[in-house]
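Residue numbers (the working numbering): 79 to 316.
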């Protein structure tokens, strides 16, 4: 899919270099929509999303739990279809995959090397600049997908710092079961099914005091975890 659209990528790069952002998005957005539709078709998945009405019509930081590198990106791309421009904070290794880096740069993604603290700070500053330009960001604050599925990992503070700096609302997103579908296809043959997601009410950071910011990562972690525990019941064991 991506290689067949290399001529379009070259055109997008020229538009970006020329500062023609509106023209870039007019060309880019339909292709991203098509990629989302094709991705669901390839994986034989459908989405059941509750709470779309909780996404405000302004620049936001989407914060989601992380179960599957591939499927989480796909379902979040589908979620933000109607909320653009919107980029992702992604681990640096994904940017080394042929074709991927060029396309992800077009959709305003920021790459981060978590093994390099200085580079991580640079990436967060870049993501903060994106927010200041009116570009929403998707962040998985666990930093990597959980290894004890479906139990969540600890949330890191980076996502919340850039929201604080820009006084940007945070939209928590619960991804319930991409891990199930990822684990069910170890041979690469997708078996299909439904991925369940829920958008929780936005958290408005503009009026928060220092103490509220300090506790925000753990508060949102516990909020999303409560949804996961209700979904899984006794299967969710810390």
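Ideal Cβ placement from N, Cα and C applies to all residues, glycine included.
Per DSSP, cross-strand counterpart(s) of residue i
i           : result
residue 274 : 126
residue 328 : Nothing can be reported for residue 328: it is not among the residues displayed for the chain, which extend from 79 to 316.
residue 50  : Absent from the model: residue 50. The displayed extent of the chain is 79 to 316, so no value can be given.
residue 250 : 141
residue 281 : 248
Nearest-angstrom beta carbon gap, residue j and residue i [assumed within contact, 8 Å]
i           : j           : result
residue 156 : residue 252 : Rounded, the Cβ-Cβ distance is 15 Å, inconsistent with contact.
residue 106 : residue 185 : 7 Å
residue 171 : residue 272 : At roughly 29 Å, the Cβ-Cβ gap does not stay under 8 Å, so residue 171 and residue 272 are not in contact.
residue 114 : residue 152 : 7 Å
Neighbour-count burial assignment, residue i, 16 or more Cβ in a 10 Å radius
i           : result
residue 205 : buried
residue 212 : exposed
residue 293 : exposed
residue 236 : buried
residue 276 : buried
residue 140 : buried
Residue i beta carbon near the ligand FMN (any heavy atom closer than 7 Å)
i           : result
residue 132 : The ligand FMN is absent from the structure shown, which contains no ligands of any kind.
Residue i: first and last residue of the uninterrupted alpha helix (DSSP H) it sits in
i           : result
residue 245 : No alpha helix (DSSP H) holds residue 245; DSSP gives it neither H nor E.
residue 110 : 99-121
residue 179 : 178-184
residue 309 : 288-310
Exercise for review: Would you check if the stretch 122-137 and the stretch 83-95 touch, i.e. whether three or more CB-CB distances between them fall below 8 Å?
Suggested key: No, they do not touch.
Worksheet item: Per the contact definition of three or more C-beta pairs closer than 8 Å, is the stretch 305-313 in contact with the stretch 158-165?
Response: no
| task | Tell me, please, whether the stretch 282-297 touches the stretch 259-274 by the rule of three or more beta-carbon pairs shorter than 8 Å. | result | no
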